[in-house]
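Note sheet for the following structure.
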Amino acid sequence: MSGAGVTVRYWAALRAAAGTSSDEVPAGTLADVLAAVAARHTDGPRFSHVLGICSVLVDERPVTDDPAGVTVGAGSVVDLLPPFAGG
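For the sequence shown, my numbering assigns the number 1 to the initial residue and increments by one for each residue that follows.
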């Protein structure tokens with residue numbers, strides 16, 4: 001799905017706040033990826049607020065480590081999942 005970058009997919013409220021279902025950003029650490037998407041969606045505080053409470057999956061694996069220490073390679077997919085109703 002992705003070439004030289006990382007595909008970031010948005011779900012639920014984050015998708016609504018972004019106004020798109022996904023973006024492609026450069027590979028790097030997860031912290032870099034999150035900073036890149038935050039920089040793209042600065043037209044209101046809702047995106048950054050929802051981003052801050054999301055669960056993160058990299059290539060379908062949950063991430064619980066410090067984002068600065070997680071490498072996200074080219075061609076990877078990052079899913080950002082805000083809390084859903086009831087959970």
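All residues carry an ideal CB built from backbone N, CA and C; glycine is no exception.
What you are looking at is a predicted structure, and each value in this text was computed from that prediction instead of being measured.
What does the alpha-carbon distance come out to for the pair residue i and residue j?
i	j	result
residue 78	residue 44	22 Å
residue 8	residue 41	13 Å
residue 51	residue 83	10 Å
Which same chain residues, not among the five before or five after residue i, have their C-beta less than 6 Å away from its C-beta?
i	result
residue 168	Any property of residue 168 remains undetermined from this structure, which presents the chain solely from 1 to 87.
Would you call the CB atoms of residue i and residue j closer than 8 Å?
i	j	result
residue 29	residue 74	no
For residue i, which residues in the same chain have their Cβ closer than 7 Å to its Cβ, ignoring the five residues on either side in sequence?
i	result
residue 46	17
residue 5	24, 25, 26, 27, 74
residue 58	30, 70, 72, 76, 78
Please return the same chain residues whose Cβ sits closer than 8 Å to the Cβ of residue i, not counting the five positions on each side in sequence.
i	result
residue 38	47, 48, 51
residue 53	82, 83
Where does the unbroken beta strand (DSSP E) through residue i begin, and where does it stop?
i	result
residue 22	22-26
Specify, as a first and last residue, the run of the alpha helix (DSSP H) that residue i falls within.
i	result
residue 48	45-51
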